[in-house]
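Residue numbers for the sequence shown follow the working numbering, so the first one is 1 and each next one is one higher.
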Amino acid sequence: MLTRRVFLCALSSEYCRMKYDKPALRTDQLMDLLIQRGIVGDRDYIEACLRSVGYYRLSGYTYPFRKRSGDGSLLDEFEGPLNFQLVWDRYRADRQLRLLVMDAVERVEVFLRSQIATSHSLKFGLFSYATDPKSLPGLDRKGSRKKFLERVQAEQDRSQEQFKRHFFNKYGDEEQYLPLWMAVEVWSFGTLMTFYKACPSSVRSEIARRFNVHPTVLESWLLCLNTVRNICAHHGRLWNRELGTRPMLPKRDEAWRSPVQIAGNRVFVVLSILIWMLGSIDGDREWHERVIRFIDRVSDVFPAYLMGFPDRWKESPVWT
């Protein structure tokens, strides 16, 4: 058996689980480690930055500069001397990007909560989501409705909102759940997304029309925004990462294809979606213009192609 295990480890590392034996290091030792690998800069400044954000978080911004071995795997050393200031500037610019994105996601989310509550409750009533299975046909699968209501109940119970306490103090003898227009305000974005997917097609279509897209496109966008929201909420690196989900785009709208093809699963497509959604909500271009100014300002720090930006991206009708 031991021979077989050694043989499998030799064939593929996925069969072999190694013991993690790296020691804990002080900040000054982590700084020395970066310098050994090719970082250059003022030692006191580097150490102060490491103390403020941590080695592991900051190391993610050094990946594009690391050497590769013959088989393409990343090495610890950097390609030539790497100025620490560039790494720090990327970290700070990424933080600004996350704040910019969250500003737009918040606006979309607030609007979506309002539209879902209005569209569904006008057709089915304020409590039908909890009492009438026909009001959420997408939860017809065995156990789906029960799990959804358990999640709704848990989020409702966790809420510390004053309006929730007031409602149950007054109506708690008769009602177990909040009316929909209150309920959506205490749900997580994930629960809100599940609710939208479970709505009758008439409700989903009505909400999607507010964003000038097909319901299946909006569903895909909400999944994408949920991923981005989680990255931003946990202060994760956003600028050059693949999101793990490739959102659908409107098939019949040439604005997404000509003269510039909008596609992919990086920041560019997310920004494009948010520009479209905010424009559909109120036509306000203020956030749109802030994004363009930001991209222009950080062009020396963030290569646009690493964020998924194509050539001539400013010529896209979505961006003009």
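Quick reminder that beta carbons are idealized off the backbone N, C-alpha and C, glycines included.
All values reported here derive from a predicted model rather than from experimental measurement.
Per-residue DSSP class, three states only, for residue i
| i | result |
| --- | --- |
| Phe-78 | strand |
| Arg-37 | coil |
| Asn-230 | helix |
| Ile-275 | helix |
| Gln-156 | helix |
| Tyr-56 | helix |
| Arg-237 | coil |
| Met-18 | coil |
| Asn-169 | helix |
| Asn-142 | The amino acid occupying residue 142 in the given sequence is Lys; Asn does not appear at that position. In this structure, Lys-142 counts as coil in the three-state DSSP scheme. |
| Ser-135 | helix |
| Leu-25 | coil |
| Trp-319 | coil |
| Lys-251 | coil |
| Leu-50 | helix |
| Asp-42 | coil |
| Glu-150 | helix |
CA-to-CA distance, residue j to residue i, given in whole angstroms
| i | j | result |
| --- | --- | --- |
| Trp-88 | Ser-272 | 27 Å |
| Leu-2 | Arg-17 | For Leu-2, the predicted model reports a pLDDT of 45, less than 50, meaning its position is unreliable; a value from the coordinates is still stated below. Whole-angstrom Cα-Cα distance: 14 Å. |
| Ser-128 | Pro-317 | 41 Å |
| Leu-82 | Arg-246 | 33 Å |
| Gln-261 | Glu-150 | 42 Å |
| Gln-36 | Leu-50 | 15 Å |
| Arg-145 | Glu-77 | 52 Å |
| Gln-153 | Ser-159 | 10 Å |
| Leu-30 | Tyr-55 | 7 Å |
| Val-184 | His-234 | 23 Å |
| Phe-66 | Cys-232 | Note that residue 66 is Arg in the sequence shown here, rather than Phe. Cα-Cα distance, rounded: 25 Å. |
| Ala-208 | Ser-121 | 16 Å |
| Thr-227 | Leu-243 | 7 Å |
| Gly-72 | Arg-266 | 22 Å |
| Ser-59 | Glu-79 | 15 Å |
| Arg-285 | Gly-279 | 7 Å |
| Arg-43 | Phe-294 | 30 Å |
| His-166 | Leu-25 | 51 Å |
| Thr-118 | Thr-62 | 47 Å |
Endpoints, alpha helix (DSSP H) assigned at residue i
| i | result |
| --- | --- |
| Arg-204 | 201-210 |
| Arg-92 | 84-124 |
| Asp-71 | First-last for Asp-71: undefined, no H or E at that position. |
| Leu-192 | 189-198 |
| Trp-181 | 180-183 |
| Ser-128 | 128-131 |
| His-214 | Where His-214 is concerned, there is no enclosing alpha helix (DSSP H), given that its DSSP letter is neither H nor E. |
| Glu-175 | Segment: none, Glu-175 is in no alpha helix (DSSP H) and carries neither H nor E. |
| Glu-289 | 286-297 |
First through last residue of the beta strand (DSSP E) which encompasses residue i
| i | result |
| --- | --- |
| Lys-67 | 66-68 |
Beta-carbon contacts of residue i that lie in its chain and below 8 Å, excluding the five residues immediately before and after
| i | result |
| --- | --- |
| Ala-93 | Trp-239, Val-298, Val-301, Phe-302 |
Contacts around residue i, its chain only, beta-carbon distance under 6 Å, and the 5 residues preceding and following it disregarded
| i | result |
| --- | --- |
| Leu-306 | Asn-240 |
| Gly-138 | Lys-197, Ala-198 |
| Phe-309 | Phe-268 |
| Ile-39 | Leu-82, Phe-84 |
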